[in-house]
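Below: one structure, written as structure tokens.
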DNA sequence: CCTACATGCTCTAGTGACTAGAGGTGCAAG
DNA sequence: CTTGCACCTCTAGTCACTAGAGCATGTAGG
């Protein structure tokens with residue numbers, strides 16, 4: 001037997017113990033077999049699935065997207081067009097998010113630079129927030 | 141009287157009606173006076189405060205940070221050092237988030253490029269997700 | 001064999017920042 | 001007077017966890 005406990009699975013996959021149980025509860029991870037004392041016992045396949053999930057979450061995929069990707073993975077004869085579509089959609093999201101964060105960064109930099117560390121009534125941080133027209137970059 | 145209803149305040153500030161009521165409930169916005177028929181009646185100052193909040197939220201400030209900024213704004217004789225610190229902290233966060241999103245973007249692009257649109261067992265999207273070691277960029 | 005003590009179990013509730021819906025009231029136009 | 005929209009309160013749901021209570025189990029040392 002190379003089955004492992006939930007704690008070990010957590011250490012090896014980098015997913016916290018309560019999160020593993022949560023993934024089971026929402027059906028991302030199959031219910032594992034149990035030890036005599038009712039403790040979860042994970043096989044190598046479960047660990048791979050868990051690592052897949054963690055990696056996908058780190059890449060910002062939503063749980064529903066991961067569910068779809070896992071279904072694809074479970075049937076390797078399917079076309080991978082859906083997987084490709086999911087990844088592409090995520091890529092577009094990420095690119096958009098980067099653009100808006102760059103605009104935001106520019107605006108924050110201006111605010112911070114403009115702050116003369118005096119009193120609030122001369123503070124550019126407060127001023128810019130209060131008056132949207134002072135934004136030099138359209139970010140929305 | 142230039143007082144306005146919640147719907148008008150919503151249109152002018154760009155904050156949705158239920159969100160305005162939510163801000164009131166958490167104490168970001170003061171309780172406005174009411175009309176005879178118990179409807180909220182907003183003054184220009186409220187509208188300015190609402191616009192301040194919306195702008196700060198768009199810049200990604202958390203509600204607690206906004207609460208602090210509003211307290212500063214309410215007392216314009218204070219030093220603006222705290223406002224500056226809040227903005228700087230947010231700037232650091234944004235810069236970090238941009239860096240990690242760029243790494244992520246690179247990885248997603250590789251995945252999408254590598255997908256030959258064949259079957260799942262040859263799909264790079266699935267493969268990379270399953271085997272973290274294939275990541276070409278350390279993003280975590 | 002006993003005792004600590006870490007690890008496991010289930011269950012409920014909380015997080016942030018809203019959003020949705022039910023079920024009712026106010027108000028202006030036709 | 002009636003239609004219909006905007007407003008009211010209140011509760012519950014969203015996402016992806018996270019925290020905590022109150023127990024059971026597993027393991028290492030004495």
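Protein chains in written order, with our numbering: chain A, 1 to 140; chain B, 141 to 280. Beta carbons are placed, not taken as given, at the ideal position from N, Cα and C, and that holds for glycine. None of these values were measured; they are calculated from a predicted model.
**Message:** Can you check which of these residues, B:202, B:171 and B:269, is closest to residue 255 of chain B by C-alpha distance?
**Reply:** Residue numbering aside, residue 255 of chain B sits at position 115 when the second chain is read from its first letter. Out of B:202, B:171 and B:269, B:269 has the C-alpha closest to the C-alpha of residue 255 of chain B.
**Request:** Check residue 175 of chain B in the structure and name its three-state DSSP category.
**Result:** What you label residue 175 of chain B is simply residue 35 of the second chain in a count that begins at 1. Three-state result, residue 175 of chain B: coil.
**Request:** Indicate whether residue 207 of chain B and residue 168 of chain B have their beta-carbon atoms separated by less than 8 Å.
**Result:** In the second chain, counting from the first residue as 1, residue 207 of chain B sits at position 67. In the second chain, counting from the first residue as 1, residue 168 of chain B sits at position 28. Yes; because the gap between Cβ atoms is below 8 Å, this pair is in contact.
**Message:** Taking CB distances under 8 Å as the criterion, tell me whether residue 46 of chain A reaches chain B.
**Reply:** Residue mapping note: residue 46 of chain A aligns to position 46 of the first chain, counting from 1. Taking Cβ atoms only, chain B never reaches closer than 8 Å to residue 46 of chain A, which makes this a no.
**Request:** Mark residue 18 of chain A as exposed unless 16 or more other C-beta atoms lie within 10 angstroms of its C-beta, in which case mark it buried.
**Result:** The residue you call residue 18 of chain A lines up with position 18 of the first chain. With fewer than 16 other Cβ atoms within 10 Å, it is exposed.
**Item:** Rounded Cβ spacing between residue 16 of chain A and residue 47 of chain A (contact assumed at less than 8 Å)
**Value:** Walking along the first chain from the start, residue 16 of chain A turns up at place 16. Walking along the first chain from the start, residue 47 of chain A turns up at place 47. About 15 Å; that fails the 8 Å criterion.
**Asked** Just to confirm, are residue 63 of chain A and residue 248 of chain B a CB contact at a threshold of 8 Å?
**Response** Position 63 of the first chain, counted from the first residue, corresponds to residue 63 of chain A. Position 108 of the second chain, counted from the first residue, corresponds to residue 248 of chain B. No, Cβ-Cβ distance for residue 63 of chain A and residue 248 of chain B is not below 8 Å.
**Request:** Indicate whether at least one CB of chain A lies closer than 8 Å to the CB of residue 237 of chain B.
**Result:** One-based indexing of the second chain puts residue 237 of chain B at position 97. Output row for residue 237 of chain B: interface = yes.
**Asked** Touch check for the stretch 84–94 of chain A and the stretch 34–52 of chain A: three-plus C-beta pairs under 8 Å?
**Response** no
**Item:** Option nearest residue 33 of chain A by Cα separation, candidates A:51, A:105, A:2 and A:124
**Value:** Here residue 33 of chain A refers to the residue found at position 33 of the first chain. Ranking A:51, A:105, A:2 and A:124 by Cα distance to residue 33 of chain A puts A:2 first.
**Request:** Could you tell me the distance, in whole angstroms, from the CA atom of residue 35 of chain A to the CA atom of residue 41 of chain A?
**Result:** Within the first chain, numbered from 1, the residue matching residue 35 of chain A stands at position 35. Within the first chain, numbered from 1, the residue matching residue 41 of chain A stands at position 41. Answer to the nearest angstrom: the Cα atoms are 6 Å apart.
**Asked** What three-state label does DSSP hand residue 26 of chain A in the structure shown?
**Response** Here residue 26 of chain A corresponds to residue number 26 of the first chain, with the count starting at 1. Residue 26 of chain A: coil per DSSP, three-state reduction.
**Request:** Since I believe residue 120 of chain A is in contact with residue 215 of chain B (beta carbons under 8 Å), could you give me their beta-carbon distance rounded to a whole number of angstroms?
**Result:** One-based indexing of the second chain puts residue 215 of chain B at position 75. One-based indexing of the first chain puts residue 120 of chain A at position 120. So it is a contact: roughly 7 Å between Cβ atoms.
**Asked** From residue 262 of chain B to residue 61 of chain A, what distance separates their C-alpha atoms?
**Response** Position 122 of the second chain holds residue 262 of chain B. Position 61 of the first chain holds residue 61 of chain A. Cα-Cα distance, rounded: 21 Å.
**Prompt:** Do you know whose CA, among B:150, B:178, B:145 and B:193, lies nearest residue 166 of chain B's CA?
**Reply:** Numbered from 1 along the second chain, position 26 holds the residue referred to as residue 166 of chain B. Comparing Cα-Cα distances from residue 166 of chain B to each of B:150, B:178, B:145 and B:193, the minimum goes to B:193.
**Prompt:** For the alpha helix (DSSP H) that contains residue 55 of chain A, what are its first and last residues?
**Reply:** As a first step, residue 55 of chain A must be located in the first chain, where it is residue number 55. 44–58 is the extent of the alpha helix (DSSP H) around residue 55 of chain A.
**Asked** Relative to the alpha-carbon of residue 58 of chain A, which residue among A:79, A:112 and A:14 has its alpha-carbon at the smallest distance?
**Response** Position 58 of the first chain holds residue 58 of chain A. For residue 58 of chain A, the nearest C-alpha among the options comes from A:14.
**Item:** Beta-carbon neighbours of residue 155 of chain B, restricted to chain A and to distances below 7 Å
**Value:** For this step, residue 155 of chain B is matched to residue 15 along the second chain. The contacting residues do not exist; residue 155 of chain B stays about 13 Å from chain A at best.
**Request:** State the Cα-Cα distance for the pair residue 147 of chain B and residue 210 of chain B, rounded to the nearest angstrom.
**Result:** Position 7 of the second chain, counted from the first residue, corresponds to residue 147 of chain B. Position 70 of the second chain, counted from the first residue, corresponds to residue 210 of chain B. Cα to Cα, residue 147 of chain B sits roughly 23 Å from residue 210 of chain B.
**Item:** Alpha-carbon to alpha-carbon, residue 164 of chain B and residue 137 of chain A
**Value:** Along the first chain, one-based indexing puts residue 137 of chain A at 137. Along the second chain, one-based indexing puts residue 164 of chain B at 24. Annotation note: pLDDT 48 at residue 137 of chain A (below 50); position unreliable, coordinate value reported separately. Using only the alpha carbons, I get a separation of about 30 Å.
**Message:** Taking the alpha carbon of residue 250 of chain B as the reference point, which residue from A:55, A:91 and A:39 has its own alpha carbon closest?
**Reply:** The count along the second chain starts at 1 and reaches residue 250 of chain B at position 110. When only C-alpha atoms are compared, the closest one is A:91.
**Message:** Rounding to the nearest angstrom, what Cα-Cα distance links residue 49 of chain A and residue 78 of chain A in this structure?
**Reply:** To locate residue 49 of chain A, count along the first chain from 1; it is residue 49. To locate residue 78 of chain A, count along the first chain from 1; it is residue 78. Approximately 18 Å between the Cα atoms of the pair.
**Prompt:** Can you find a CB in chain A that lies within less than 8 Å of the CB of residue 200 of chain B?
**Reply:** Position 60 of the second chain, counting from 1, holds the residue named residue 200 of chain B. Interface residue, yes.
**Asked** Contact check, residue 104 of chain A vs residue 266 of chain B under 8 Å by CB: the rounded distance?
**Response** For the purposes of this step, residue 104 of chain A is taken as residue 104 along the first chain, with counting starting at 1. For the purposes of this step, residue 266 of chain B is taken as residue 126 along the second chain, with counting starting at 1. Contact doesn't hold; Cβ gap of about 34 Å is too wide.
**Request:** Identify, in the order they occur along the chain, each residue of the same chain with its Cβ nearer than 6 Å to the Cβ of residue 264 of chain B, setting aside the five sequence neighbours on each side.
**Result:** For this step, residue 264 of chain B is matched to residue 124 along the second chain. These residues qualify, in order along the chain: 251, 254 and 255.
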